[in-house]
Amino acid sequence: MADEVWHAGDIGDLRVTDTIKKIKPLRAVFGNIDNHEARLEFPLHNRFMCEGVDVWITHIGGYPDKYNIAIREEIKKNPPKLFICGHSHILKVQFDKKLNLLHMNPGAAGIHGFHQVRTMLRFEIDGDKIQNLEIIEIGKKG
Numbered sequence: 013m014a015d016e017v018w019h020a021g022d023i024g025d026l027r028v029t030d031t032i033k034k035i036k037p038l039r040a041v042f043g044n045i046d047n048h049e050a051r052l053e054f055p056l057h058n059r060f061m062c063e064g065v066d067v068w069i070t071h072i073g074g075y076p077d078k079y080n081i082a083i084r085e086e087i088k089k090n091p092p093k094l095f096i097c098g099h100s101h102i103l104k105v106q107f108d109k110k111l112n113l114l115h116m117n118p119g120a121a122g123i124h125g126f127h128q129v130r131t132m133l134r135f136e137i138d139g140d141k142i143q144n145l146e147i148i149e150i151g152k153k154g
């Protein structure tokens, strides 16, 4: 189980987030496939503190040494401890030694896109520690 659900964009249908919100608190951002309704409900960037961890969620963020040009200066100037993005739909967890941050892309849990296996990540935040990271495979797409 989880205390909250964090969504890194490409929601698609707002029924997805409406359903999640009935079960758990939700923090989300809109993605490039999302329509104007999703863009009105969710921000492009969601930066917040979770216990002692500075978290930044955005959809198109890039990867360590290849951050998206739109966020590159801000992430260098004021790096979070945990940076979560989506867009590629490729599950990847990587530590950025230069900025001392943990980068996560949970992959994709939906049925649309080029990914073959639906994935998500679950982890714990305890004070200023990010721990007990799990990769959850939901199954094959379709």
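Residue numbers (our numbering): 13 to 154.
Even for Gly, the Cβ is constructed at its ideal location relative to N, Cα and C.
Residue 25 and residue 55 have their alpha carbons spaced roughly 16 Å apart. Residue 114 and residue 18 have their C-alpha atoms roughly 16 Å apart.
Rounded to the nearest angstrom, the gap between the Cα atoms of residue 119 and residue 110 is 24 Å. Residue 134 is classed as exposed because its beta carbon has fewer than 16 other beta carbons within 10 Å across all chains shown. If only complete runs of 3 or more residues are kept, the segment 49-78 shows the beta strand (DSSP E) at 57-62, 65-70, in order along the chain. Non-local C-beta neighbours of residue 50 in its own chain, meaning closer than 7 Å and more than five positions away in sequence, comprise 23, 26, 42, ordered along the chain.
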